[in-house]
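Sequential numbering of the sequence shown, starting at 1, is according to full-length UniProt numbering.
Virtual Cβ for every residue (Gly too), placed ideally from N, Cα, C.
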Amino acid sequence: MKDTELMDLDEIEGVELSPVDEKNLKEIYLSIKPTDGYLKDKKFRFVIKFKESYPITPPKIICLSKIFHPNIDESGNVCLNVLKLEWNPIINLQMLILGLLLLLDEPSTDDPFNKIAAEVFKNDIYKFQEINDALYKEEQQNNK
1 MKDTELMDLD
11 EIEGVELSPV
21 DEKNLKEIYL
31 SIKPTDGYLK
41 DKKFRFVIKF
51 KESYPITPPK
61 IICLSKIFHP
71 NIDESGNVCL
81 NVLKLEWNPI
91 INLQMLILGL
101 LLLLDEPSTD
111 DPFNKIAAEV
121 FKNDIYKFQE
131 INDALYKEEQ
141 QNNK
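This is how it looks when you write it as structure tokens:
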């Protein structure tokens with residue numbers, strides 16, 4: 001992970017990045033505030049952890065915010081195809097973040113991490129949004 005990679009990401013709307021530790025760029029905080037979709041205007045925090053072998057091996061992305069999502073399990077582990085089978089060392093941080101933005105806006109229900117969230121998303125989008133609204137509100141109140 002290079003400092004210049006972080007600077008290049010300032011142009012993505014709704015995205016903020018900051019290192020967990022200024023001296024160590026192996027872990028960075030990522031805040032995403034989707035600009036449209038059912039999660040519009042809600043801010044979600046993630047941590048991206050890079051191994052010594054990055055970019056040969058993919059980083060790990062963990063959601064720190066409460067969210068009900070087919071591709072994020074209850075521990076916050078994020079299932080993004082590009083982090084698993086489709087990983088390629090040319091994939092940079094910007095591509096990962098754009099993939100995560102797309103995943104937040106368009107969940108994949110084919111092979112979900114959270115099967116209940118996938119079922120609710122497929123069968124009752126209003127209930128899905130209602131659950132996420134309640135989780136977001138609860139988290140905002142707890143952070144005051």
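Inset, instruction - Pull up the DSSP beta-bridge partners for D21, would you. - result: N24
Legend entry - Reference N123; option with closest CA among D105, A134, T109: T109
Inset, instruction - In angstroms with no decimal places, state the Cα-to-Cα distance between D73 and K66. - result: 10 angstroms
Inset, instruction - Write down every uninterrupted run of the alpha helix (DSSP H) in the UniProt domain "UBC core" (1 to 141) whose length is 4 residues or greater and which is fully enclosed by it, in chain order. - result: 3 to 7, 93 to 105, 115 to 123
Inset, instruction - Compare the C-beta of G99 with all C-beta atoms of chain C and state if any pair is closer than 7 angstroms. - result: The structure shown has no chain C; it contains just one protein chain.
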